[in-house]
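Residue numbers (this note's numbering): 4 to 152.
What follows is the structure, encoded as C-alpha cells:
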C-alpha cells in the first residue's frame with residue numbers, strides 16, 4: 004500500500020511540475036512579441052522583407068523611413084483598410100494608429116486599438132493575407148498581456 008501511494012504521489016508531483024513548466028514556458032518564452040526586448044518576434048508572416056532591410060539597422064532619417072515605407076508597401080498584398088478590419092475582428096474599440104512595419108524581416112501591419120475603458124491593444128496583421136498574428140493588450144496598470152494566434 005505504501006509503494007502505490009508513493010507512486011501516485013510521485014506521478015502527481017510530476018504532473019504539477021510539468022504544468023508549472025509549461026505555464027512558465029508559455030508565459031515567458033512563446034509570448035515574446037515585437038514590443039519585448041527580444042529581437043525575434045514570436046510570429047512569422049507570409050511576406051518577408053529583403054535581407055538588410057531591418058529598420059533598426061538603418062539611419063532614422065525621414066528620407067530613409069519614406070524609402071522603407073515605399074519598399075514595404077510594394078511587398079504588402081493587403082492594404083491598411085483590410086488590416087484594420089482584421090484587427091477589429093479580434094479587438095473591439097477605435098483604431099488609433101495603423102503602420103506598415105518590418106518586424107525582424109516580417110512585413111506586418113501594426114494596428115493600435117483603444118476601447119471605451121482605455122485599454123490599448125496592438126494587433127499585428129500579416130501584410131500578405133490579413134491573418135492576425137499577435138495581439139498585445141496593455142492593461143490599466145501598464146502591464147501587457149500577449150495572445151498568440
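Glycine included, every Cβ here is placed at the ideal spot set by N, Cα and C.
A Cβ-Cβ contact shorter than 8 Å links residue 110 with residue 48. Pairing residue 132 with residue 139, the inter-Cα distance amounts to about 20 Å. For residue 67, the enclosing alpha helix (DSSP H) begins and ends at 65-78. C-alpha of residue 96 to C-alpha of residue 141: approximately 13 Å in a straight line. Here residue 66 is exposed. Its C-beta has fewer than 16 other C-beta atoms within 10 Å.
Per DSSP, reduced to three states, the secondary structure at residue 137 is strand.
A direct Cα-Cα distance of roughly 11 Å separates residue 75 from residue 82.
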